[in-house]
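Have a look at the structure below, then the notes.
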Amino acid sequence: MKESQNNQMRNVLVVGGAGYIGSHVSKALALKGLKPIVVDNFYSGHRDFVKWGPLIEVDIKEREKLAAALRGVEFDAVIHLAAHIEVGESVQNPEKYFLNNVGGTENLLSVLEELGRNVPFVFSSTAAVYGQPEVDLISESAPLKPINPYGESKMQAESRIRAWSERVRAPVCLLRYFNVAGADPECEIGEAHDPETHLIPRLLMSLLKPSTDFKVFGEDYPTPDGTCIRDYVHVWDLAQAHLAALHYLKTHPGPHVFNVGYSKGFSVKEIIQAAEKVCGLRVPYTKAERRAGDPAILVADGSRALRELGWHPEFAGRLDQIIAHAWAWHKSN
Ligand code: UFG
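Following this note's numbering, the numbering of the sequence shown begins with 3 at its first residue and continues without gaps.
And the structure:
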């Protein structure tokens with residue numbers, strides 16, 4: 003996106019902008035001359051990740067407080083990333099996921115409608131909406147059959163957003179992320195969940211703090227080495243996909259759906275081997291039972307985003323870079 007193309011879009015509300023992905027999106031927006039206005043409740047976000055624009059501290063579960071906080075704020079687009087994201091936790095506590103991911107989204111949409119802000123809207127969705135399709139590469143037309151409450155909550159949020167888009171005629175892009183990993187190549191921000199449950203950060207943390215127990219969940223999946231296969235996308239490339247989506251919505255109102263993935267999967271054991279190479283260390287792990295809610299294989303057919311959205315990922319095929327950036331971030335934090 004060139005500066006001249008940003009004329010009509012200046013302020014972007016980044017809901018969940020203090021989180022792992024939201025902060026990278028905020029930085030990417032700022033580097034393009036746009037102003038990210040972060041909305042966050044700091045449930046899982048970090049105050050020191052809000053570096054590129056103003057902050058509105060509010061919880062999207064509290065509709066009236068949200069309406070009051072957004073009244074009078076000038077923004078030309080919304081990127082909504084505020085959500086609980088842990089598959090395993092969603093199986094233990096589904097209510098928490100529906101309340102926040104569906105209820106919070108409904109509140110945000112109804113506040114936008116009340117304020118008459120039918121602006122372009124980009125939503126952080128997930129590959130988890132597909133469940134476990136019986137195909138090698140999952141395209142956007144695959145049926146939505148989530149197998150865990152997290153995926154179900156995101157599917158329901160998608161459907162609320164589509165209905166809102168049709169009702170108020172707002173342009174919408176639903177971005178279905180595959181497995182987001184890595185960190186800001188300049189190492190200003192990175193992944194910092196508490197507790198951390200994701201594969202790459204857990205593995206790296208176990209190298210830095212040998213007391214961190216690193217387990218491989220399930221070696222009996224129907225995959226070549228028995229461990230789960232995922233499509234790992236660099237968080238900086240993902241942030242760029244949001245910019246591409248905002249630009250696309252200027253001329254293509256939608257609603258649209260795009261997978262964000264590299265169309266290439268790696269097993270848990272392949273990730274371990276790649277990390278051993280990048281870090282120059284052996285990764286000790288213990289074998290554990292399958293984790294509830296985990297599908298065996300999730301790999302994107304990411305061709306639509308490349309073809310139509312004009313997304314130009316920099317790190318496709320660079321698993322070593324994804325791990326190296328995550329490693330640099332974890333070592334410095
Ligand atoms: N895994 C381990 N050990 C760990 C952590 C993970 O073996 O300590 C395994 C998991 O069982 C899974 C794979 O590594 O097979 C990836 O697990 P993650 O927890 O890193 O990621 P998920 O696939 O569970 O979920 C992530 C995001 C979701 C998103 C999904 C899309 O958390 O928000 O990717 O594919 F929906």
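Backbone N, C-alpha and C define an ideal beta-carbon position, used for all residues, glycine too.
### Message
Tell me the DSSP secondary structure of residue 271 in three-state form.
### Response
Walking along the sequence shown from the start, residue 271 turns up at place 269. In this structure, residue 271 counts as helix in the three-state DSSP scheme.
### Query
Secondary structure at residue 190, three-state DSSP: helix, strand or coil?
Taking the first residue of the sequence shown as position 1, residue 190 is located at position 188. Coil.
#### Entry: When 269, 70, 156 and 322 are compared against residue 223, the one with the closest alpha-carbon
Numbered from its first residue, the sequence shown carries residue 223 at position 221. With distances taken between Cα atoms, residue 223 lies closest to 269.
### Query
Between residue 261 and residue 164, which are expected to be in contact by the criterion C-beta below 8 Å, what is the C-beta distance as a whole number of angstroms?
Within the sequence shown, numbered from 1, the residue matching residue 261 stands at position 259. Within the sequence shown, numbered from 1, the residue matching residue 164 stands at position 162. That belief does not hold up - the Cβ atoms of residue 261 and residue 164 are roughly 17 Å apart, past 8 Å.
### Task
For residue 180, verify whether its CB is less than 7 Å away from any heavy atom of the ligand UFG.
Within the sequence shown, the letter at position 178 stands for residue 180. Within the cutoff, so yes.
### Query
Which residue or residues does DSSP assign as beta-bridge partners of residue 197?
Position 195 of the sequence shown, counting from 1, holds the residue named residue 197. None, per the DSSP bridge assignment.
### Query
Nearest-angstrom Cα distance between residue 334 and residue 326?
Sequence index remark: in the sequence shown, residue 334 carries index 332 (1-based). Sequence index remark: in the sequence shown, residue 326 carries index 324 (1-based). Straight-line Cα distance between these residues: approximately 12 Å.
### Query
Could you give the distance in angstroms between the alpha-carbon of residue 215 and the alpha-carbon of residue 266?
Working through the sequence shown from its first residue, we reach residue 215 at position 213. Working through the sequence shown from its first residue, we reach residue 266 at position 264. Approximately 28 Å between the Cα atoms of the pair.
### Query
What is the DSSP secondary structure of residue 229, counted as helix, strand or coil?
The residue labelled residue 229 in the question sits at position 227 within the sequence shown. Looking at residue 229 - three-state DSSP - the assignment turns out to be coil, as it is neither helix nor strand.
### Query
What is the residue span of the beta strand (DSSP E) that residue 288 lies within?
To locate residue 288, count along the sequence shown from 1; it is residue 286. 288–290 is the extent of the beta strand (DSSP E) around residue 288.
### Query
Hey, would you say residue 109 sits closer than 8 Å to residue 68, going by beta carbons?
What you label residue 109 is simply residue 107 of the sequence shown in a count that begins at 1. What you label residue 68 is simply residue 66 of the sequence shown in a count that begins at 1. The answer is yes: Cβ separation under 8 Å.
### Message
In the DSSP output, which residue or residues are listed as bridge partners for residue 2?
### Response
Residue 2 lies beyond the residue range present for the chain, which begins at 3 and ends at 335; the question has no answer from this structure.
### residue 89 Cβ short of 7 Å to the ligand UFG heavy atom set
Within the sequence shown, residue 89 is the residue found at index 87, counting from 1. Yes; taking the cut-off as 7 Å, the Cβ of residue 89 has a heavy atom of the ligand UFG nearer than that.
### Query
For residue 126, which residues from the same chain have a beta carbon less than 6 Å from its beta carbon, with the 5 sequence-adjacent residues on both sides left out?
Counted from its first residue, the sequence shown places residue 126 at position 124. 83, listed in sequence order.
#### Entry: Proximity test, residue 129 beta-carbon vs the ligand UFG heavy atom, cut-off 7 Å
Along the sequence shown, one-based indexing puts residue 129 at 127. Yes, the beta carbon of residue 129 sits closer than 7 Å to at least one heavy atom of the ligand UFG.
### Message
Taking the straight line between their C-alpha atoms, what separation do you get for residue 39 and residue 288?
### Response
The count along the sequence shown starts at 1 and reaches residue 39 at position 37. The count along the sequence shown starts at 1 and reaches residue 288 at position 286. Cα to Cα, the separation comes out at about 43 Å.
### Buried or exposed (CB count within 10 angstroms, at least 16 for buried), residue 259
What you label residue 259 is simply residue 257 of the sequence shown in a count that begins at 1. Classification for residue 259: buried.
### Query
Do residue 184 and residue 297 have their CB atoms nearer than 8 Å?
Numbered from 1 along the sequence shown, position 182 holds the residue referred to as residue 184. Numbered from 1 along the sequence shown, position 295 holds the residue referred to as residue 297. Result no, Cβ atoms of residue 184 and residue 297 do not sit closer than 8 Å.
### Task
Check each candidate in 173, 105, 217 and 112 and name the one with the smallest Cα separation from residue 255.
Position 253 of the sequence shown holds residue 255. If we check each option's Cα against that of residue 255, 173 comes out closest.
### Query
Around the C-beta of residue 284, are 16 or more other C-beta atoms found within 10 angstroms, so that it is buried, or is it exposed?
For the purposes of this step, residue 284 is identified with residue 282 of the sequence shown, where counting begins at 1. Exposed.
### Helix, strand or coil at residue 120 [DSSP, three-state]
Here the question's residue 120 lines up with position 118 in the sequence shown. In this structure, residue 120 counts as coil in the three-state DSSP scheme.
### Query
Leaving out five residues before and five after residue 12 in sequence, what residues of the same chain have Cβ atoms less than 7 Å from its Cβ?
Within the sequence shown, residue 12 is the residue found at index 10, counting from 1. Cβ neighbours of residue 12 within its own chain (closer than 7 Å, five residues either side excluded): 36, 37 and 78.
### Query
Quick one: does the C-beta of residue 175 sit closer than 7 Å to a heavy atom of the ligand UFG?
Reading the sequence shown from its first residue, position 173 is the one you call residue 175. No, since every heavy atom of the ligand UFG falls outside the 7 Å radius drawn around the Cβ of residue 175.
### Query
residue 302 and residue 239 look like a contact to me (Cβ under 8 Å); what is the Cβ gap, rounded to whole Å?
Taking the sequence shown and counting its residues from 1, one reaches residue 302 at position 300. Taking the sequence shown and counting its residues from 1, one reaches residue 239 at position 237. The Cβ separation is near 12 Å, so there is no contact.
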